[in-house]
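Heads up, the thing below is written out as structure tokens.
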Amino acid sequence: MGDFLIMVGEFMQTFVIHTDPANERIETLTRLLQQLGHSSSITAGWPEASEGPGYSRSHKFITVPDTAGDASLAEKAVQYLTADQSGSFLVYIADTMAPDLYKRLVKSGRGEWISWQAVPQEFPDLVNKLSVSAGEGAVARVISFLPSAGGVGNTTLALETGFCLASEKKKDGLRVAVVDLNFQTSTLADLLDLEPSLDVSELIDRPERLDDRLIDVFTSRHSSRLDVFSSPTRFDHRELPYSGVVFSLLDGLSRRYDFVIIDLPHQWAPWVDSVLQGSDAVTIVGGSTVPAVKQLMKRVQHVDSLDIPLERTKVVVNQCDATLFGSVARKPDIDRVLVRSTPIYIRRDAATANQAANTGRPMLDLAPRRPVSKSIRQLATWMQTAMG
């Protein structure tokens with residue numbers, strides 16, 4: 217059976233999934249895609265496509281050609297599109313398509329059917345049209361904060377950086393969302409003395425329900441430019457399928473904001489790698505003690521293994537102690553360990569941090585001239601530079 221799937225993203229990556237790469241029609245489509253500027257790699261089977269990275273802010277174009285007259289392939293294609301949470305567009309190529317399936321495909325607003333006879337004209341037109349619309353659609357820049365362990369200040373740094381970006385004096389202003397993906401014990405809203413509103417229990421079984429109205433309900437607003445998304449504390453130890461919620465939420469937020477700052481949990485989850493790979497920049501946060509630096513190195517090595525470019529990653533050594541002369545303690549030793557990373561060091565400032573927590577105000581707002589605030593602004597500047 218000739219199951220075939222092509223995914224064309226904003227970065228023009230094309231994945232061809234088919235049992236027979238030498239199939240004449242597959243070769244023709246692959247050649248056509250190459251002429252349109254899309255290189256393709258061929259792998260086999262639907263499961264690989266379903267199990268691939270679930271989060272991508274880029275527009276994906278999925279082509280399912282029926283090369284063997286398999287009537288069940290249309291049903292599989294529609295089911296795939298229905299289950300997909302990444303905003304993909306799907307085109308089914310076959311000589312015929314059942315009317316009820318065609319109706320479901322078109323009604324989704326994310327699908328089309330092209331006959332084999334019409335492929336030479338209609339397929340390139342559709343690819344070009346969707347590529348242009350994907351390029352024109354404004355999407356947020358996404359920055360992920362990855363903690364090397366619990367208690368390293370990841371949530372605080374994500375919030376402070378979001379506040380810094382939202383406070384920039386630009387003509388139209390930047391709209392920033394900070395989202396805590398720890399759905400069990402989120403503390404993000406508490407830092408600003410806000411009520412946590414992100415009730416993911418409404419989406420666990422049906423993440424496709426997320427729309428603009430629900431996003432408004434889930435929003436905890438700090439200012440006209442800064443919103444936070446934080447879950448109420450949940451004492452639920454079941455293994456829940458959060459991946460659909462995560463990808464649906466991030467895709468929805470990416471269409472509403474200029475920046476989306478992601479506070480990742482320190483406990484690993486199957487969807488974390490996909491979030492990291494879908495981010496424009498990744499900040500890895502850790503401490504300055506010997507065990508903390510070891511944990512930090514493990515996270516750095518893992519991010520490297522995901523083929524995320526070095527220029528899009530930044531290591532932050534947080535809560536650093538200072539020497540009598542005001543320099544960061546053990547900095548030369550840490551620099552030798554993190555030689556490729558050029559880390560940003562943020563000094564410990566317990567007094568300012570405690571005052572911020574007790575008043576529900578960011579440190580940058582309370583004490584903009586303190587060294588800790590200057591380091592946070594340095595991090596925000598790097599982010600904008602790394603993302604162009």
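Count along the sequence shown from 1, then add 216; that gives the number in this note's numbering.
Glycine included, C-beta positions come from ideal geometry on N, C-alpha and C.
Give the secondary structure of Gln-251 by DSSP, where H, G and I count as helix, E and B as strand, and everything else as coil. Sequence index remark: in the sequence shown, residue 251 carries index 35 (1-based). The answer is helix: DSSP assigns Gln-251 an H, G or I state.
Grab me the residues of Gln-400's own chain with a C-beta within less than 6 Å of its C-beta, minus the 5 sequence neighbours each way, in chain order. Within the sequence shown, the letter at position 184 stands for residue 400. Correct list, in chain order: Arg-450.
Using C-beta distances below 7 Å, list every residue in its chain close to Thr-529, excluding the 5 sequence neighbours before and after it, in chain order. Counting from one through the sequence shown, the residue named residue 529 turns up at place 313. Cβ contact annotation for Thr-529 (same chain, cutoff 7 Å, sequence separation greater than five): Val-498, Ile-500, Val-519, in chain order.
Strictly by DSSP, which residues pair up with Phe-463? In the sequence shown, the residue the question calls residue 463 occupies position 247. Beta-bridge pairing links Phe-463 to no other residue.
With distances taken from CA atoms, which of Ala-405, Ala-393, Leu-522 is nearest Ser-470? Your numbering for residue 470 matches position 254 in the sequence shown. Out of Ala-405, Ala-393, Leu-522, Ala-393 has the C-alpha closest to the C-alpha of Ser-470.
Grab the span of the beta strand (DSSP E) containing Asp-479 for me, first residue to last. For the purposes of this step, residue 479 is identified with residue 263 of the sequence shown, where counting begins at 1. That run of the beta strand (DSSP E) goes 475–479.
One or two residues paired with Asp-421 in a DSSP bridge: Translated into the one-based positions of the sequence shown, residue 421 becomes position 205. None, per the DSSP bridge assignment.
For the beta strand (DSSP E) that contains Tyr-308, what are its first and last residues? Within the sequence shown, residue 308 is the residue found at index 92, counting from 1. Start and end: 305–309.
Mapping the DSSP letters down to three states, classify Trp-484 as helix, strand or coil. Sequence index remark: in the sequence shown, residue 484 carries index 268 (1-based). In the structure shown, Trp-484 sits in coil (DSSP, three-state: anything other than H, G, I, E or B).
Tell me which same chain residues have a C-beta within less than 7 Å of the C-beta of Lys-385, skipping the five on either side of it? In the sequence shown, the residue the question calls residue 385 occupies position 169. The answer is none, since no qualifying residue turns up.
The alpha helix (DSSP H) enclosing Gln-535, as first and last residue numbers: Within the sequence shown, numbered from 1, the residue matching residue 535 stands at position 319. Unbroken run through Gln-535 is the beta strand (DSSP E), 529–536; no alpha helix (DSSP H).
With C-beta atoms as the reference, is His-438 less than 8 Å away from Leu-410? Numbered from its first residue, the sequence shown carries residue 438 at position 222. Numbered from its first residue, the sequence shown carries residue 410 at position 194. A contact, by the Cβ cut-off of 8 Å.
With a CB to CB cut of under 7 Å and the five nearest residues on each side skipped, what residues in its chain are close to Pro-481? If you number the sequence shown from 1, residue 481 lands on position 265. For Pro-481, where only same-chain residues beyond five positions count, the Cβ hits under 7 Å are Leu-397, Asn-398.
Per-residue DSSP class, three states only, for Pro-281: Translated into the one-based positions of the sequence shown, residue 281 becomes position 65. It is a strand residue.
How big is the Cα-Cα spacing for Arg-552 and Ser-464? Locating residue 552 in the sequence shown gives position 336, counting from the first residue. Locating residue 464 in the sequence shown gives position 248, counting from the first residue. So the alpha carbons of these two residues sit roughly 40 Å apart.
For Ser-447, which residues from the same chain have a beta carbon less than 8 Å from its beta carbon, with the 5 sequence-adjacent residues on both sides left out? For the purposes of this step, residue 447 is taken as the residue at position 231 of the sequence shown. The answer, listed in chain order, is Asp-396, Asn-398, Phe-399, Gln-400, Ser-402, Pro-412, Leu-414, Asp-415, Val-416.
Within 8 Å, strictly: CB atoms of Ile-560 and Gln-594: The residue labelled residue 560 in the question sits at position 344 within the sequence shown. The residue labelled residue 594 in the question sits at position 378 within the sequence shown. Cβ atoms of Ile-560 and Gln-594: closer than 8 Å.
Going by the DSSP bridge assignment, what does Ser-360 pair with across the sheet? The count along the sequence shown starts at 1 and reaches residue 360 at position 144. Bridge partners of Ser-360: Ile-478, Val-498.
In the DSSP output, what is Thr-330 paired with across the bridge? Mapped onto the sequence shown, residue 330 falls at position 114. A small fix is needed here, since residue 330 is Ile in this sequence, not Thr. In the DSSP output, where bridge partners are listed per residue, Ile-330 has Ile-309.
Between the C-alpha atoms of Pro-269 and Ser-490, what's the straight-line distance to the nearest angstrom? In the sequence shown, counting from the first residue as 1, residue 269 sits at position 53. In the sequence shown, counting from the first residue as 1, residue 490 sits at position 274. Here Pro-269 scores only 41 on pLDDT, less than 50, and its place in the model is too uncertain to base an answer on.
Straight-line CA distance for Trp-614 to Lys-510? Given a span of 217 to 604 for the chain in the structure shown, any question on residue 614 remains unanswerable.
For Ala-393, the first and last residue of its enclosing beta strand (DSSP E): On the sequence shown, residue 393 is found 177 positions in, with the first residue counted as 1. Its beta strand (DSSP E) spans residues 392–396.
Beta-carbon gap between Ile-359 and Ile-478 smaller than 8 Å: Working through the sequence shown from its first residue, we reach residue 359 at position 143. Working through the sequence shown from its first residue, we reach residue 478 at position 262. Yes; because the gap between Cβ atoms is below 8 Å, this pair is in contact.
In the structure shown, what three-state DSSP assignment does Leu-442 receive? Along the sequence shown, read from residue 1 onward, the residue named residue 442 stands at position 226. Three-state DSSP puts Leu-442 in a strand.
Alpha-carbon to alpha-carbon, Thr-377 and Pro-584: Reading the sequence shown from its first residue, position 368 is the one you call residue 584. Reading the sequence shown from its first residue, position 161 is the one you call residue 377. One C-alpha to the other measures close to 13 Å.
Ser-436 - partner residues in DSSP beta bridges: What you label residue 436 is simply residue 220 of the sequence shown in a count that begins at 1. Beta-bridge pairing links Ser-436 to Val-444.
By Cβ distance below 7 Å, which residues in the same chain neighbour Val-294 in space, the five residues on each side in sequence not counted? As a position in the sequence shown, residue 294 is number 78, starting the count at 1. The beta carbon of Val-294 is closer than 7 Å to those of Leu-317, Arg-320, Leu-321 in its chain, skipping five residues each way along the sequence.
According to DSSP, what are the bridge partners of Arg-429? Mapped onto the sequence shown, residue 429 falls at position 213. According to DSSP, Arg-429 bridges with nothing at all.
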